[in-house]
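Going by numbering that gives the first Met the number 0, 170 is the number at position 171 of the sequence shown; the sequence numbering is gapless. Even glycine gets a Cβ: it sits at the ideal position worked out from N, Cα and C. Treat the numbers as computed from the prediction; the structure is a model and nothing was measured. Below is one structure, written out as structure tokens; comments come after it.
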Amino acid sequence: MIVMITGATSGFGEEMARRFIADGHKVIGTGRRENRLKTISDELGSLFYPLLFDVTDHDGTQRAILELPSSWSDIDVLVNNAGLALGLEPVHKADFYDWDRMISTNITGLAFITRIIVEEMVKKDKGHIVNIGSVAGTYPYPGGNVYGATKAFVKQFSLNLRADLTGTRVRVTNIEPGLCGGTEFSGVRFKGDLNKAETVYKGVDYIKPEDIAETVLWCVNQPTRININNVELMPVDQSFGALTLSRR
Ligand code: NDP
Ligand code: 8X3
Numbered sequence: 000m001i002v003m004i005t006g007a008t009s010g011f012g013e014e015m016a017r018r019f020i021a022d023g024h025k026v027i028g029t030g031r032r033e034n035r036l037k038t039i040s041d042e043l044g045s046l047f048y049p050l051l052f053d054v055t056d057h058d059g060t061q062r063a064i065l066e067l068p069s070s071w072s073d074i075d076v077l078v079n080n081a082g083l084a085l086g087l088e089p090v091h092k093a094d095f096y097d098w099d100r101m102i103s104t105n106i107t108g109l110a111f112i113t114r115i116i117v118e119e120m121v122k123k124d125k126g127h128i129v130n131i132g133s134v135a136g137t138y139p140y141p142g143g144n145v146y147g148a149t150k151a152f153v154k155q156f157s158l159n160l161r162a163d164l165t166g167t168r169v170r171v172t173n174i175e176p177g178l179c180g181g182t183e184f185s186g187v188r189f190k191g192d193l194n195k196a197e198t199v200y201k202g203v204d205y206i207k208p209e210d211i212a213e214t215v216l217w218c219v220n221q222p223t224r225i226n227i228n229n230v231e232l233m234p235v236d237q238s239f240g241a242l243t244l245s246r247r
């Protein structure tokens, strides 16, 4: 199989690339950081094809995908993983341009790539789109505002893709992880403040990128008659808060 994984330069994406290649598949790994793509490519060898583009740059994204050599262009699985959270401020203090970047990456970028790839999948009547959503798309938390809303988009878009693709053999899955350590996620969210990022994971037996990679591989390896619609996974150490009352 040929698997395209967006955001393969770190975290979940990097680990998924490793896992799919260990299973004998070919992986197109994408990202903006050329040096990271090179390091991963050196490690993973000829089954890995590095593809440099920013998902918020539509022309660059389209060009990169359309210029894939023919031996790499027949994509069986698209994993829409590239994404980010920026900031944890309440709405009235948050930076609008952080919101704008989350929306253009997690929503518009994901939708744009899907639009390019899904058409070919429908023509071939096979394929699998795996979106990386989040528990933040279902459960609200203070400071999750626009990040959570982008993942709610991913949830509903995944369901609506399924609705449109009824009658084809193209599958769609939304993976919704809870707190996962060992990635750059919180470092990015707190804009390089690694001390702050570390405190998020302190004392928590968090999910690891290997767990996400294994879950995605499991979904993809199901018999073709089965579509896993949604997988929500959390660390045992993470759960739900009570509804809050503010007393005056
Ligand atoms: P990382 O920050 O480690 O990885 C994010 C990846 O996305 C990087 O490879 C980065 O590559 C890529 N990326 C970000 N912006 C762009 C862009 N504009 N264009 C192209 N690539 C981009 O985070 P995670 O591995 O933790 O996160 C992966 C996905 O999982 C995200 O969608 C995140 O929202 C989601 N998620 C994470 C959870 C967690 O707790 N860690 C839990 C639930 C969901 P580069 O910088 O090279 O462009
Ligand atoms: C990432 C998980 O709980 O930090 O999507 O929002 S969380």
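Would you mind reading off the limits of the alpha helix (DSSP H) that contains Val-117?
It spans 109 to 123 - the alpha helix (DSSP H) in which Val-117 sits, taken as one unbroken run.
Quick one: using the 10 Å Cβ neighbour count with 16 as the cut-off for buried, is Leu-65 buried or exposed?
Label assigned to Leu-65: exposed.
Helix, strand or coil, according to DSSP, for Val-78 in the structure here?
Strand, per DSSP.
Taking the beta carbon of Val-235 as the centre, do at least 16 other beta carbons fall within 10 Å, making it buried, or is it exposed?
It counts as exposed.
Among residues of its own chain, excluding the 5 on either side of Glu-175, which ones have a beta-carbon nearer than 8 angstroms to its beta-carbon?
So the qualifying residues of the chain are Gly-132, Ser-133, Val-134, Gly-136, Thr-137, Lys-150, Lys-154, Asn-229, Val-230, Glu-231, Leu-232.
Roughly how far, in whole angstroms, is the beta-carbon of Arg-32 from the beta-carbon of Thr-8, given that I think they are within contact range, below 8 angstroms?
By a beta-carbon distance limit of 8 angstroms, Arg-32 contacts Thr-8. Their separation comes to about 5 angstroms.
His-91 burial status per 10 Å Cβ neighbour count (16 or more: buried)
Counting Cβ neighbours within 10 Å, His-91 comes out exposed, since fewer than 16 surround it.
Residue closest to Met-3, alpha-carbon to alpha-carbon, out of Gly-240, Arg-247, Leu-216
Restricting attention to Gly-240, Arg-247, Leu-216, the CA atom closest to the CA of Met-3 is found in Leu-216.
Which same chain residues, not among the five before or five after Glu-14, have their C-beta less than 6 angstroms away from its C-beta?
Within the same chain, Glu-14 has close Cβ partners Pro-208, Glu-209, Ala-212.
Can we count Val-53 as close to ligand 1, meaning its CB is less than 6 angstroms from some heavy atom?
As written in the sequence, residue 53 is Asp, which differs from the Val given in the question. Relative to ligand 1, Asp-53 has its C-beta within less than 6 angstroms of a heavy atom.
Rank Leu-87, Thr-107, Leu-85 by C-alpha distance to the C-alpha of Thr-60 and give the top, closest one.
Of Leu-87, Thr-107, Leu-85, the residue nearest in Cα terms is Thr-107.
The beta strand (DSSP E) with Met-0 in it runs from where to where?
Counted as a single uninterrupted DSSP element, the stretch harbouring Met-0 is not any beta strand (DSSP E), since DSSP gives it neither H nor E.
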